[in-house]
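Participant: Keeping their order, the protein sequence lines are chains V and Y. Residues in the first sequence are numbered consecutively from 1, following my numbering. Residues in the second sequence are numbered consecutively from 449, following my numbering.
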Amino acid sequence: MSDNNADRPKTAPLQNQSRRRFLQVSGLGLAASAGAIQWVSAQTPNTNAHIVIVGAGAAGVSAATRLSHALSGARITLIDKRREHIYQPGLTLVATGVWKESKVIDANSRYIPDSVRWVHDNVVEFEPDANRVITESGEAINYDYLLVTTGLKVDYDAVEGMHPDLIGQHGIGCVYDNPDHATRTSKAIDAFVATGGTALFTRGPGGIKCAGAPLKMTMLTEDRMRREGRRASAEIVYNSPSEGLFSQPDMDVFLKQNFPERDIFINWNHRLVGIEPELKRASFATPNGTQRLDYDFIHVVPPMRAPDALGNSPLAWQEGPFADDGNWMEVDQYTMQHPRYPNVFGSGDCVGTPIGKTAASVKAQVPVATANMVSLIKGESMTARYDGYTSCPLITGLGKGILVEFDYALNMVPSFPFISPYREHWVPWVMKDRMLLPAYNAMLRGRI
Amino acid sequence: MAFSPLGIIAVLLELVRPFLPLIVIILAAVTVCLIAALRKHSLGHSKALRFSLLGGATATVAAVLLGPTITQATFADLTGILDWLSLIGGAIGVGVLATLLLIPPFSVLTPKQRN
Chain V
1 MSDNNADRPK TAPLQNQSRR RFLQVSGLGL AASAGAIQWV SAQTPNTNAH IVIVGAGAAG
61 VSAATRLSHA LSGARITLID KRREHIYQPG LTLVATGVWK ESKVIDANSR YIPDSVRWVH
121 DNVVEFEPDA NRVITESGEA INYDYLLVTT GLKVDYDAVE GMHPDLIGQH GIGCVYDNPD
181 HATRTSKAID AFVATGGTAL FTRGPGGIKC AGAPLKMTML TEDRMRREGR RASAEIVYNS
241 PSEGLFSQPD MDVFLKQNFP ERDIFINWNH RLVGIEPELK RASFATPNGT QRLDYDFIHV
301 VPPMRAPDAL GNSPLAWQEG PFADDGNWME VDQYTMQHPR YPNVFGSGDC VGTPIGKTAA
361 SVKAQVPVAT ANMVSLIKGE SMTARYDGYT SCPLITGLGK GILVEFDYAL NMVPSFPFIS
421 PYREHWVPWV MKDRMLLPAY NAMLRGRI
Chain Y
449 MAFSPLGIIA VLLELVRPFL PLIVIILAAV TVCLIAALRK HSLGHSKALR FSLLGGATAT
509 VAAVLLGPTI TQATFADLTG ILDWLSLIGG AIGVGVLATL LLIPPFSVLT PKQRN
């Protein structure tokens, strides 16, 4: 527990010492480097600040690694009960039978640096006025600086009759949350492919993580039925809660052409509000009132929101669209700093920004949040900016996809100019299938 | 989003990390053969080079033919020049690597021709 109190200055004292520090990349067993590769990092400031990171998902772990590299002498505490680390971008591939469940399950201990104190507990209360968080076990942990990376909560209760235990039964699937859900969804899809019938795909309104996942689930299921010669036995319906399919306009146009070409029917303004598992019937809120649709398979995507402890805390947006949507954490969308609590930063799915609840967003946000926190600790101005970068390898079928990358302005910002963000290719599929997991792991180690 | 050269190396490291034990074994075997070939002054003799090039060419062709299948795709999924260039370029890389790795063992295992 930190010994600081609310009266102490929010910027911790810095010792004006710096030294060159070597970052080590270990174990590259290639011929040119049978040993380790080392490179010299920038000068690292020395500080006695206590930094608390809440949440050991993609953002929390990579931030812990980055901060431990960037600061000398800082006490870094990471709070999260989860020992497993789930590669969530792979869940769509598990849910559609492309990957085995084991491929997306890892251990946080492989990535969290030894210098970081890992508290195996969950935060149940944020008290930013006292620079303190309270854990499930009742421990109060004070901080000088706080980074909130809790992730989000899939709000199953918002769909009447829905419960995560139903996933895999009564033709119900849901790719989100964990590999078990994805595996059970895969089995439900297997059964649907065998029997045929009506498949309903849904999408929760507002901000959801990996907003491309509902689309990918639809397209991969359709593609599989076509490949297995079962397409004629199925009616596939995508229910959009709005009048769009994708926030990036070019992709929206593409999908609005592509779905009808594949005989995927689209219901506009259909928001899933209830489900009757025994009857295999779903209720949708539409501009014309509630509409009930029968199904043989349904992919349920509930609304999502900030975890209760965060959403009910002063750190959440107190009003406006991000408060109404999901009680998301308030941050400046460019600096990732909390506007009312300057020693608090946020990254990942929990923050209320216009776009960006993807692992790719984490890759872009975390360096900004950590760099700006370090600048604040050093008493320098914060210059790092998050431009809203997010990415979706939009898998349109087994073996092909479109690498979509865009920013706050919804402009395409391709990392690889030679890969068209407007056309289906095999290469984005190979990246999704083979390269993104290694890139993700490199991110967890703070190397990209 | 830009990737630095060190970032790309870091990603490649993570890509091969699960296979590091196998890679170490292969490199050790090749190194042993390399040392043996150097002692016998037979490294890269013409017959060994021919066999190695044949092995490399076979690996290249196999990589082209199996590349899509290994990635659970089909040739129908290769929809543009980018895909074909990537497949062929990757296959050539596999072939070159195979050739280089085969030279030491073939230098040891195949008899050196006398002039």
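Glycine residues also receive a C-beta, built at the ideal position from the N, C-alpha and C atoms.
Who are the Cβ neighbours of Y:Ala484 in its own chain at under 6 Å, not counting the five residues just before and after it?
Facilitator: Residue mapping note: residue 484 of chain Y aligns to position 36 of the second sequence, counting from 1. Cβ within range, chain order: Val556.
Participant: Would DSSP call V:Glu278 helix, strand or coil?
Facilitator: The residue you call residue 278 of chain V lines up with position 278 of the first sequence. Note: V:Glu278 maps to coil in three-state DSSP.
Participant: Only counting the same chain, and skipping five residues up and downstream in sequence, which positions put a Cβ closer than 8 Å to that of V:His163?
Facilitator: Taking the first sequence and counting its residues from 1, one reaches residue 163 of chain V at position 163. Contacts found: Tyr156.
Participant: Just the chain Y side, please: which residues come within less than 7 Å of V:His425 by C-beta, in chain order?
Facilitator: As a working note, residue 425 of chain V is residue 425 in the first sequence. The contacting residues are Thr527, Gly528, Leu530, Asp531.
Participant: Taking 8 Å as the threshold, find out whether the region 183–202 of chain V comes into contact with the region 231–239 of chain V through three or more Cβ pairs.
Facilitator: A contact exists between the region 183–202 of chain V and the region 231–239 of chain V.
Participant: Look up V:Lys400 in the DSSP assignment and give the residues it is bridged to.
Facilitator: On the first sequence, position 400 is the one that residue 400 of chain V refers to. V:Gly397, per the DSSP bridge assignment.
Participant: Tell me, please, whether the CB atom of V:Lys216 is closer than 8 Å to any CB atom in chain Y?
Facilitator: To locate residue 216 of chain V, count along the first sequence from 1; it is residue 216. Chain Y, which has no Cβ nearer than 8 Å to the Cβ of V:Lys216, makes this no.
Participant: Mapping DSSP to helix, strand and coil, what is Y:Leu460?
Facilitator: Taking the first residue of the second sequence as position 1, residue 460 of chain Y is located at position 12. Correct three-state label for Y:Leu460: helix.
Participant: Between Y:Leu549, Y:Gln520, Y:Ala511, which lies nearest to Y:Ser534 when the distance is taken from Cα to Cα?
Facilitator: Counted from its first residue, the second sequence places residue 534 of chain Y at position 86. Of Y:Leu549, Y:Gln520, Y:Ala511, the residue nearest in Cα terms is Y:Ala511.
Participant: Please name the residue in V:Arg447, V:Phe418, V:Pro414, V:Thr390 whose C-alpha comes closest to that of V:Gly212.
Facilitator: Residue 212 of chain V sits at position 212 when you count from the first residue of the first sequence. Considering only alpha carbons, the answer is V:Thr390.
Participant: Could you compute how far the alpha carbon of Y:Lys488 sits from the alpha carbon of Y:Pro553?
Facilitator: Locating residue 488 of chain Y in the second sequence gives position 40, where the first residue counts as 1. Locating residue 553 of chain Y in the second sequence gives position 105, where the first residue counts as 1. So the two alpha carbons sit approximately 12 Å from each other.
Participant: Using a Cβ-Cβ cut-off of less than 9 Å, list which residues of the region 449–465 of chain Y approach chain V; keep chain order.
Facilitator: Those would be Met449, Ala450, Phe451, Ser452, Leu454, Gly455, Ile456, Ile457, Ala458, Val459, Leu460, Leu461, Glu462, Leu463, Val464, Arg465, in chain order.
Participant: Tell me which residues share the same chain as V:Asp332 and place their Cβ nearer than 6 Å to its Cβ, disregarding the 5 neighbours each side in the sequence.
Facilitator: Taking the first sequence and counting its residues from 1, the one referred to as residue 332 of chain V is at position 332. Excluding sequence neighbours, V:Asp332 sits near Pro339.
Participant: Could I get the ranges of all uninterrupted beta strand (DSSP E) runs contained in the region 232–307 of chain V, with 3 residues as the minimum, in chain order?
Facilitator: 234–239, 264–267, 271–276, 281–286, 289–294, 297–299, all fully within the region 232–307 of chain V.
Participant: Taking the alpha carbon of V:Ala74 as the point to measure from, which residue in V:Gly379, V:Met443, V:Gly97, V:Asn46 has its own alpha carbon closest?
Facilitator: Here residue 74 of chain V is taken as the residue at index 74 of the first sequence, counted from 1. Closest by alpha carbon: V:Asn46.
Participant: Please confirm if V:Ala130 has its CB atom under 8 Å from at least one CB of chain Y.
Facilitator: On the first sequence, position 130 is the one that residue 130 of chain V refers to. Taking Cβ atoms only, chain Y never reaches closer than 8 Å to V:Ala130, which makes this a no.
Participant: According to DSSP, is V:Ala140 helix, strand or coil?
Facilitator: Residue numbering aside, residue 140 of chain V sits at position 140 when the first sequence is read from its first letter. In this structure, V:Ala140 counts as strand in the three-state DSSP scheme.
Participant: For V:Ile377 and Y:Leu491, I'd like the C-alpha separation in whole angstroms.
Facilitator: In the first sequence, the residue the question calls residue 377 of chain V occupies position 377. In the second sequence, the residue the question calls residue 491 of chain Y occupies position 43. In a straight line, the C-alpha of V:Ile377 is about 59 Å away from that of Y:Leu491.
Participant: Please compile the residues from chain V whose C-beta is within a distance smaller than 8 Å of the C-beta of Y:Ser534.
Facilitator: Numbered from its first residue, the second sequence carries residue 534 of chain Y at position 86. Trp426, Val427, Val430, listed in chain order.
Participant: Go ahead and pull the three-state DSSP assignment for V:Phe210.
Facilitator: Counting from 1 along the first sequence, the entry for residue 210 of chain V is found at position 210. Strictly speaking, residue 210 of chain V in this sequence is Cys, with Phe absent from that position. Three-state DSSP puts V:Cys210 in coil, outside helix and strand.
Participant: Establish whether the CB of V:Arg434 and some CB of chain Y are separated by less than 8 Å.
Facilitator: As a working note, residue 434 of chain V is residue 434 in the first sequence. Closer than 8 Å to some Cβ of chain Y, the Cβ of V:Arg434 qualifies, so yes.
Participant: Might you give, ordered along the chain, the residues of its own chain that have their beta carbon closer than 6 Å to the beta carbon of V:Glu243, omitting 5 neighbours on each side?
Facilitator: Within the first sequence, numbered from 1, the residue matching residue 243 of chain V stands at position 243. For V:Glu243, where only same-chain residues beyond five positions count, the Cβ hits under 6 Å are Trp268.
Participant: Can you tell me where the alpha helix (DSSP H) with V:Asp325 in it begins and where it stops?
Facilitator: Here residue 325 of chain V is taken as the residue at index 325 of the first sequence, counted from 1. 321–326 is the extent of the alpha helix (DSSP H) around V:Asp325.
Participant: Determine contact between the region 215–224 of chain V and the region 397–409 of chain V, defined as no fewer than three beta-carbon pairs at a distance below 8 Å.
Facilitator: Segments in contact, yes.
Participant: For V:Val362, collect the residues of the same chain with a Cβ closer than 6 Å to its Cβ; drop the 5 residues on either side in sequence, then sort them by chain order.
Facilitator: On the first sequence, residue 362 of chain V is found 362 positions in, with the first residue counted as 1. So the qualifying residues of the chain are Ala58, Ala59, Gly348.
Participant: Tell me whether V:Arg340 sits in a helix, a strand or coil according to DSSP, three-state version.
Facilitator: On the first sequence, position 340 is the one that residue 340 of chain V refers to. Here V:Arg340 sits in coil by DSSP.
Participant: Give the interface partners of Y:Pro516 over in chain V, defined as CB-CB distance under 8 Å, in chain order.
Facilitator: Stepping through the second sequence from its first residue, residue 516 of chain Y is reached at position 68. Chain V residues near Y:Pro516: Gly399, Trp426.
Participant: I'd like to know whether the C-beta of V:Ala384 is nearer than 8 Å to at least one C-beta of chain Y.
Facilitator: Position 384 of the first sequence, counted from the first residue, corresponds to residue 384 of chain V. Not closer than 8 Å to any Cβ of chain Y, the Cβ of V:Ala384 fails to qualify, so no.
Participant: Three or more C-beta pairs closer than 8 Å, one from the region 276–296 of chain V and one from the region 99–114 of chain V: is that the case here?
Facilitator: Too few Cβ pairs lie closer than 8 Å, so no.
Participant: Please list the partners that Y:Thr403 has in chain V, where partner means a Cβ-to-Cβ separation under 8 Å.
Facilitator: No answer is possible for residue 403 of chain Y: it lies beyond the span of chain Y, which begins at 449 and ends at 563.
Participant: Report the option in V:Ile298, V:Ala182, V:Tyr295, V:Phe322 whose CA atom is closest to the CA atom of V:Ala306.
Facilitator: Sequence index remark: in the first sequence, residue 306 of chain V carries index 306 (1-based). For V:Ala306, the nearest C-alpha among the options comes from V:Phe322.
Participant: I'd like the list of long-range same chain contacts for V:Met443, defined as Cβ closer than 6 Å, with 5 residues on each side in sequence excluded.
Facilitator: To locate residue 443 of chain V, count along the first sequence from 1; it is residue 443. Ser62, Lys363, listed in sequence order.
Participant: Under 8 Å between the Cβ atoms of V:Asp144 and V:Ile76?
Facilitator: Looking up residue 144 of chain V in the first sequence gives position 144. Looking up residue 76 of chain V in the first sequence gives position 76. Their beta carbons are not under 8 Å apart, which means V:Asp144 does not touch V:Ile76 by this criterion.
Participant: Starting from Y:Thr522, find everything on chain V with Cβ-Cβ shorter than 8 Å and list it in chain order.
Facilitator: Mapped onto the second sequence, residue 522 of chain Y falls at position 74. Result: Gly399.
Participant: Can you find the residues in the same chain that come closer than 7 Å, C-beta to C-beta, to V:Lys10, ignoring five residues on each side of it along the sequence?
Facilitator: Here the question's residue 10 of chain V lines up with position 10 in the first sequence. Low confidence applies here, because V:Lys10 scores a pLDDT of 40, under 50, leaving its location unreliable; read the following figure in that light. Once the five neighbours on either side are set aside, the close Cβ partners of V:Lys10 are Pro342, Asn343.
Participant: Would you say the region 379–388 of chain V touches the region 403–416 of chain V, given that touching needs at least three Cβ pairs under 8 Å?
Facilitator: Yes, the region 379–388 of chain V is in contact with the region 403–416 of chain V.
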